[in-house]
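Trainee:
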Amino acid sequence: MALTNNDIFKKLRVALKLRDDDIVKILELVDFRISKSELGAFFRNEDHPKYKNCGDQILRNFLNGLVIHMRGPMPKKGEKPKPKSTPTTSKRKERN
156 MALTNNDIFK KLRVALKLRD DDIVKILELV DFRISKSELG AFFRNEDHPK YKNCGDQILR
216 NFLNGLVIHM RGPMPKKGEK PKPKSTPTTS KRKERN
């Protein structure tokens, strides 16, 4: 049995411990608006009368929004990305 977009979406939701509100906010990061009730239809059982297939566009927008949510927005052209903070000293003793 092949994984559907709904299966992938459900697994990501569980693995990342996301609530419906979180997913709605993640989708808003890429200017994609969806209601909680529409979202809930993707997570229902296939036998449920209100079940809805998750299209490629919705999953793609969620993944793009998730990247922004996890990493932050991409720097604009001409801007240098902010350097990541790295520890300057190590608390480990050097062995000779």
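Numbering-wise (the working numbering), the sequence shown opens with residue 156 and increments by one.
We treat Cβ as the ideally placed atom computed from N, Cα and C, and that holds for glycine.
1. For residue 182, is the classification buried or exposed, using 16 other Cβ atoms within 10 angstroms of its Cβ as the cut-off for buried?
2. Going by DSSP in three states, residue 170 sits in which element: helix, strand or coil?
3. Rounding to the nearest angstrom, what Cα-Cα distance links residue 213 and residue 219 in this structure?
4. Indicate whether residue 167 and residue 221 have their beta-carbon atoms separated by less than 9 Å.
5. Could you compute how far the alpha carbon of residue 207 sits from the alpha carbon of residue 230?
Mentor: Let me lay it out:
1. Sequence index remark: in the sequence shown, residue 182 carries index 27 (1-based). So residue 182 counts as buried.
2. The residue labelled residue 170 in the question sits at position 15 within the sequence shown. The answer is helix: DSSP assigns residue 170 an H, G or I state.
3. The count along the sequence shown starts at 1 and reaches residue 213 at position 58. The count along the sequence shown starts at 1 and reaches residue 219 at position 64. Going from the Cα of residue 213 to the Cα of residue 219 covers about 10 Å.
4. Position 12 of the sequence shown holds residue 167. Position 66 of the sequence shown holds residue 221. Closer than 9 Å, so yes.
5. For the purposes of this step, residue 207 is taken as residue 52 along the sequence shown, with counting starting at 1. For the purposes of this step, residue 230 is taken as residue 75 along the sequence shown, with counting starting at 1. Their Cα atoms are separated by approximately 36 Å.
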